[in-house]
Amino acid sequence: MEQSDEADTVRALGDLLAAQKQAYLRDGPPDLGARLSRLKALRGAIIARRSALEDAVMADFGHRPVAETALMEVLPACETIRYLVRHLRRFMAPQRRHVGWAFQAGRARIEYQPLGVVGVIAPWNYPVSLALTPLATAIAAGNRVMLKPSEFTPHTSAALKTLLADVFAQDEVTVVTGGSDVAKAFAALPFDHLLFTGSTQVGRSIMKAASENLVPVTLELGGKSPAIIEPGAVNDRTVSSIAYGKLANAGQTCIAPDYVLVHEDDRLSFVRRYGETVARLFPDGSASRDYAAIINDRHHARLRGLLEDAEDRGATVTRLGPALDESENAGRKLDPYLLLGVDDGMQVMRDEIFGPLLPVVTYRGMEDAIAYVNGRPRPLALYFFGEARGEACRQVRAQTTSGNLGINATLLHFAQEDLPFGGVGESGIGAYHGIEGFRRLSHAKGVYAQGRLNLASLVRPPYGWLARLVLM
Ligand code: NAD
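To convert, note that position 182 of the sequence shown is 182 in full-length UniProt numbering; the numbers rise steadily by one, no gaps.
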């Protein structure tokens, strides 16, 4: 975007927000029927424009398997909408609450109100689903939405802009594109709520900017998500799930297993099976058709830097791909790598990897593995592989804290519509999906209605026996 366009967009932001807020006040909160028809229209438009979205993602990544975009972007967005449509009546229903004896015969209930205008900031790694899923949740909760996609995915942003303009008036949903000036100005707007998906580092500035206007935030952040394999549980099922979770979208997934914790006696078995599994999934290494490219040169160089730093500091770095010169691979492809002998001094063990590199950390007892996880920031996802009803799993469940826990499967918890998805500590604040998402983007208004006969209303000065009775 040209510098002058960027400045124009920044100047227009306040008016766009004001128009949405005015429209919300003018039209009032949408009823169930209006919300359902908006959601259905959105789902219809996604399905109708599915191939345009897939082409746009392909153009942004250079290469991203169409099946991955279909399965991990289009399908989840459509499924979320389908789920919301099916359950919205129940989500919106007021809830009766208990009234104490002294306030009988009053009535108390919670009414779920829209917040008003929700700002959504999306990242580049799943640019369709991580824009449309929060947007659909906000619509279900009766809000209007301003969406800012990532500047790294301009084709997808343009496709989303067209799609959303077909379905919604500008004062219902609007897409704002631009670079870092637009992003900063967007985060500083006085929304009724701001939902940000992105890195922990940027999440800190988002929260700071939002705090100026006391805008509540939901922060869907990243970090290092570990996979713990119970002693003796290295088998094909375990390794295949870890390899898939790691290498889908070439590792550019917020809930990809970042590193694996393996019992020291199982290390060699894991290394052998991981190599075999990767060769089976991607016979031509990064040149395989089903293997995505790295989003841009900066991230490609960053990942190469992690490998070099680890090697310089004594890690054993193994490239898992046929003996091709990587420079021959099309675009910004990077083969899968396995890293052994890693330590905390290496950048690869300090930063979120967000690429196809898998460090292997060994442990002696389950307590050590748990202590390793607990000695680091709380992860977005934690994976456990082994006996789901066994003692090791029980220990991991009870003694670790993570946004979500996946047992014997990577990534799939994200697809559970009825489970909250989000982080904890440095991996995020708040969650969406399911009823938690609806409530996150609604105001739960407590309403108390006094009955005609009400003991409490008889309590007035000068206080007498009745006040003493109420105090008992
Ligand atoms: P990022 O934090 O660099 O950018 C995310 C969005 O924030 C983009 O739209 C960007 O334009 C915008 N942005 C950047 N700087 C900003 C600023 N100062 N003010 C306001 N907006 C700003 O993240 P990314 O590189 O796009 O995505 C990768 C990160 O996102 C990883 O850390 C990953 O783990 C995380 N992530 C988290 C989830 C989740 O659901 N928890 C999902 C996907 C990605």
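Glycine residues also receive a C-beta, built at the ideal position from the N, C-alpha and C atoms.
CA-to-CA distance, residue j to residue i, given in whole angstroms
i	j	result
PRO420	LEU221	14 Å
TYR24	PRO377	40 Å
LEU160	ALA141	21 Å
ARG96	LEU39	27 Å
TYR112	VAL99	19 Å
MET1	SER286	31 Å
VAL219	TYR463	A small fix is needed here, since residue 219 is Leu in this sequence, not Val. If I take the Cα positions, the gap works out to 50 Å.
ILE8	ILE206	A small fix is needed here, since residue 8 is Asp in this sequence, not Ile. Whole-angstrom Cα-Cα distance: 22 Å.
VAL10	ASP297	27 Å
TYR291	MET72	14 Å
VAL66	THR253	16 Å
SER269	VAL182	50 Å
ALA310	GLU387	33 Å
ASP55	ALA45	16 Å
LYS445	THR133	25 Å
GLY422	PRO149	19 Å
ASP258	ALA381	10 Å
HIS299	VAL117	33 Å
ILE139	ARG35	7 Å
TYR274	LEU53	33 Å
ALA398	PRO283	40 Å
ASP236	ASP265	17 Å
ARG204	ARG389	38 Å
SER211	TYR383	33 Å
PRO30	ARG89	13 Å
Secondary structure of residue i, DSSP reduced to three states
i	result
residue 553	Residue numbering for the chain in the displayed model covers 1 to 472; residue 553 lies beyond these limits and cannot be assessed.
PHE438	helix
HIS193	strand
PHE270	helix
HIS443	strand
VAL234	coil
ASN454	coil
GLU311	helix
GLY119	strand
GLU220	strand
ALA431	strand
THR174	strand
GLY33	helix
PHE91	helix
PHE421	strand
HIS362	Note that residue 362 is Thr in the sequence shown, not His. It is a strand residue.
ALA183	helix
ASP284	coil
SER241	helix
MET207	helix
GLN22	helix
ILE47	helix
TRP465	helix
Residues bridged to residue i [DSSP beta-bridge criterion]
i	result
ALA108	ARG97 and TYR448
PRO226	TYR259
TYR337	ARG319 and LEU357
TYR383	ALA227 and GLY406
PRO114	SER442
Under 7 Å between C-beta atoms of residue i and residue j
i	j	result
LEU189	ASN143	no
LEU339	ALA315	yes
PRO356	ALA227	no
GLU367	GLY223	no
PHE438	ILE295	no
SER427	PRO359	no
VAL361	ALA102	no
LYS246	ALA233	no
VAL202	LEU42	no
residue 499	ARG313	A question about residue 499 goes unanswered here, because the residues of the chain that appear run from 1 up to 472.
GLY451	ALA105	yes
TYR337	ARG319	yes
THR400	VAL373	yes
VAL175	LEU164	yes
ARG49	VAL74	no
ARG267	ALA293	no
THR137	TYR432	yes
GLU436	GLY178	no
CB contact below 7 Å: residue i versus chain B
i	result
THR200	Considering every chain present, this structure includes no chain B. It has just one protein chain.
Task: Validate contact between the segment 78-93 and the segment 401-420 using beta carbons, cut 8 Å, 3 pairs - done: Result yes; three or more Cβ-Cβ pairs closer than 8 Å.
Task: Contact between the segment 393-413 and the segment 238-256 (3+ Cβ pairs under 8 Å) - done: Counting Cβ pairs under 8 Å, three or more are found: they touch.
TODO: Would you check if there are 3 or more beta carbon pairs closer than 8 Å linking the segment 115-129 to the segment 152-162?
DONE: In this structure the segment 115-129 touches the segment 152-162; the number of beta carbon pairs closer than 8 Å is three or more.
Open item on the list: Assess contact between the segment 118-125 and the segment 184-202, defined as three or more Cβ pairs (one per stretch) separated by less than 8 Å. Is contact present?
Closed with: Yes, the segment 118-125 is in contact with the segment 184-202.
Open item on the list: Would you call the segment 392-400 in contact with the segment 58-70, where contact means no fewer than 3 C-beta pairs closer than 8 Å?
Closed with: The segment 392-400 is not in contact with the segment 58-70.
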